[in-house]
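Student: Numbering (UniProt numbering), first residue to last: 1 to 464.
Even for Gly, the Cβ is constructed at its ideal location relative to N, Cα and C.
All of these numbers come straight from a predicted model, not from anything done at the bench.
So that we are looking at the same thing, I have put the structure below in structure tokens.
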Amino acid sequence: MDLNLAGNRHYTGAVQFTVEREKSEALYLKTLSSAFYNDNAWTVLTQESYAQGKHIKWNQIRTWMNVYTNQIQQEDDEKIIIHDTRKNRQYALEPYNLSSIQQESGIYYDAYMTLPKEKKDYSYEVWDVASLTDNSYFDSEEGNAYIDFVYDHYLQIPSELEEIFDNTLYLEHFQTPLECINYVKAYLSKNYSYTLSPGYPPKNQDFITWFLTQSHRGYCVHFASAATMMLRYYGIPARYVEGYRIDAYTPDYKGTARDSDAHAWVEIFTRDKGWIPVEVTPGFRNADEDYTVPSTIEDPSTQPNTDVQNTPNENPQREQNNTQNENFQTLINEQGNRNTNTQTTLNIHIPKYVYIMISIFGVLVLVYGQRKIRYYRKKKKMMNSDRKQAAIALMQYYEALCCFGAQEQEVIHTLYEKAIYSRQGLDESEFHQLTSFIQEEKNKLMHRMKKRAKFKLRYIKALD
């Protein structure tokens, strides 16, 4: 998706496809899940990146609830029939929670599906989300391999955006994915307005940066792009997704998708459900209300190891009572009522200094935790098996160290330029030299830095 083309939107009302199903709830049909953001464009991962997942069974990633879950019965299926009349059918329309994949389907890893161009009528069997009570796939060897792959590739953030999140937007920090998601939704809804006429960013300016810091106006493409980066900032693997959202149905559950139903949203990765949709555009019902978001941020290092062609344009039917995750708020209210009903007349005096100590401890834990997440993300990018991408991350890291007084070394720049511009790139020994030189400069810098500067380097910039 070239975001330079995401300017003002206009519709013709052209029919794209029709669906028949057994329910009248909102239906998300994705066409493309993008991973990498650079130079105002969302793209899928490269073949070199996917080569790292050689032990992953990619077709089973899409049907894990069918292949690896034993508690779901066949009657939980819903059949979705699609009559696809889009002019460009490069990517198939794909619902969530697939129980099977058609034999003629082509699968490009975890990014998209294809169908024969002459095939306009096709159907899917999907599971009811409420029936997904067990998931043993992500406890399997293949499942854990995919979790590692996700954390290696779906946390990428350009350094410019990370700097904005740190020093301009002053985003708050939270402990659970649910808190992060609710905060991101509320933050975008409060500070940015929906419009189909946002204009175009100035030439040579980053699209997401322009939206977040200057225009403050946009539609689904703007909100989904920004939210993907914000969720990654919190250590939640996320993807930018394009497709269609169907809200209106006839009494017999038939829906018609027009050009105005093209949409963009976010997918986040959870260990128990895999990739699930998250709606972040103001005015739309939350896509993730039917899913249970985990209470902790997953980290693969803590888990057992078993060794577009569719340009999103939407004309939303606004829901004025849109909430920021009703289930979460209900849980808070219930907990508050429970606490009120169980109060007793016993009064215990707790010294004020105890509250102060607890507060200080909480702040320290929060600061340390967010630093670990951000440094882990930087380290993952610097250890990317794609040496060109790893060299870019290493150079960004080195330049950040130079801002604190690290010495400029010509050999580092020479190796970096070879990694970027040479057809051969760096071999293993040269890449090791690059990392060693940067580590050596970092050690020298840390040895001579004062405590205040070290604190800023570690806890503000997360460089150590």
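Give the straight-line distance between the Cα atoms of residue 65 and residue 27, rounded to the nearest whole angstrom.
Tutor: Taking the sequence shown and counting its residues from 1, one reaches residue 65 at position 65. Taking the sequence shown and counting its residues from 1, one reaches residue 27 at position 27. The predicted model places residue 65 with a pLDDT of 45, which falls under 50 and marks its position as unreliable; any figure quoted below should be read in that light. Straight-line Cα distance between these residues: approximately 19 Å.
Student: If you draw a straight line from the C-alpha of residue 253 to the C-alpha of residue 388, how long is it?
Tutor: Locating residue 253 in the sequence shown gives position 253, counting from the first residue. Locating residue 388 in the sequence shown gives position 388, counting from the first residue. Those two C-alpha atoms are separated by around 50 Å.
Student: Can you give the Cα-Cα distance for residue 116 and residue 59, rounded to whole angstroms?
Tutor: Working through the sequence shown from its first residue, we reach residue 116 at position 116. Working through the sequence shown from its first residue, we reach residue 59 at position 59. When rounded, the distance between both Cα atoms is 17 Å.
Student: Could you check whether residue 208 and residue 161 sit closer than 8 Å to each other, using their CB atoms as the reference points?
Tutor: As a working note, residue 161 is residue 161 in the sequence shown. As a working note, residue 208 is residue 208 in the sequence shown. Their beta carbons are under 8 Å apart, which means residue 161 touches residue 208 by this criterion.
Student: Mind checking whether residue 40 and residue 98 have CB atoms under 8 Å apart?
Tutor: The count along the sequence shown starts at 1 and reaches residue 40 at position 40. The count along the sequence shown starts at 1 and reaches residue 98 at position 98. Their beta carbons are not under 8 Å apart, which means residue 40 does not touch residue 98 by this criterion.
Student: DSSP three-state call for residue 92: helix, strand or coil?
Tutor: The count along the sequence shown starts at 1 and reaches residue 92 at position 92. In the structure shown, residue 92 sits in coil (DSSP, three-state: anything other than H, G, I, E or B).
Student: Can you tell which of 148, 9 and 29 has its C-alpha closest to the C-alpha of residue 53?
Tutor: Numbered from 1 along the sequence shown, position 53 holds the residue referred to as residue 53. Nearest of 148, 9 and 29 to residue 53, Cα basis: 148.
Student: Could you tell me if residue 432 is buried or exposed, where buried requires 16 or more neighbouring beta carbons within 10 angstroms of its beta carbon?
Tutor: One-based indexing of the sequence shown puts residue 432 at position 432. Result: exposed.
Student: Under a Cβ-count criterion, where at least 16 other Cβ atoms within 10 Å of its own Cβ denotes burial, should residue 251 be classed as buried or exposed?
Tutor: Working through the sequence shown from its first residue, we reach residue 251 at position 251. Residue 251 should be labelled exposed.
Student: Which residues bound the alpha helix (DSSP H) around residue 431?
Tutor: Residue numbering aside, residue 431 sits at position 431 when the sequence shown is read from its first letter. 428 to 448 is the extent of the alpha helix (DSSP H) around residue 431.
Student: Could you pull out every residue in the same chain whose Cβ sits closer than 7 Å to the Cβ of residue 17, ignoring the five residues on either side in sequence?
Tutor: Numbered from its first residue, the sequence shown carries residue 17 at position 17. Cβ within range, chain order: 82, 83, 84, 85, 86, 93 and 257.
Student: Would you kindly work out how many angstroms separate the C-alpha atoms of residue 199 and residue 8, rounded to a whole number?
Tutor: As a position in the sequence shown, residue 199 is number 199, starting the count at 1. As a position in the sequence shown, residue 8 is number 8, starting the count at 1. Taking the straight line joining both Cα atoms gives about 6 Å.
Student: Taking contact to mean 3 or more Cβ pairs, one atom from each stretch, closer than 8 Å, check whether the segment 421 to 436 and the segment 387 to 401 are in contact.
Tutor: Short answer: they touch.
Student: What did DSSP end up calling residue 3 once you bin it into helix, strand or coil?
Tutor: Locating residue 3 in the sequence shown gives position 3, where the first residue counts as 1. In the structure shown, residue 3 sits in a helix (DSSP, three-state: H, G or I).
Student: Taking only three categories from DSSP, how would you classify residue 8?
Tutor: Translated into positions along the sequence shown, residue 8 becomes position 8. Looking at residue 8 - three-state DSSP - the assignment turns out to be coil, as it is neither helix nor strand.
Student: On the DSSP letters alone, give me the boundaries of the beta strand (DSSP E) that residue 125 sits inside.
Tutor: Locating residue 125 in the sequence shown gives position 125, counting from the first residue. Per DSSP, residue 125 belongs to the beta strand (DSSP E) from 121 to 127.
Student: Using the Cα positions of residue 158 and residue 37, report the straight-line distance between them to the nearest angstrom.
Tutor: Taking the sequence shown and counting its residues from 1, one reaches residue 158 at position 158. Taking the sequence shown and counting its residues from 1, one reaches residue 37 at position 37. Distance between the alpha carbons of residue 158 and residue 37: 8 Å.
Student: Kindly indicate which residue of 213, 216 and 50 has the alpha-carbon position closest to the one of residue 152.
Tutor: In the sequence shown, the residue the question calls residue 152 occupies position 152. Among 213, 216 and 50, the Cα nearest to that of residue 152 belongs to 50.
Student: Using the beta-carbon count (16 or more within 10 Å), is residue 234 buried or exposed?
Tutor: Translated into the one-based positions of the sequence shown, residue 234 becomes position 234. Buried is the call here.
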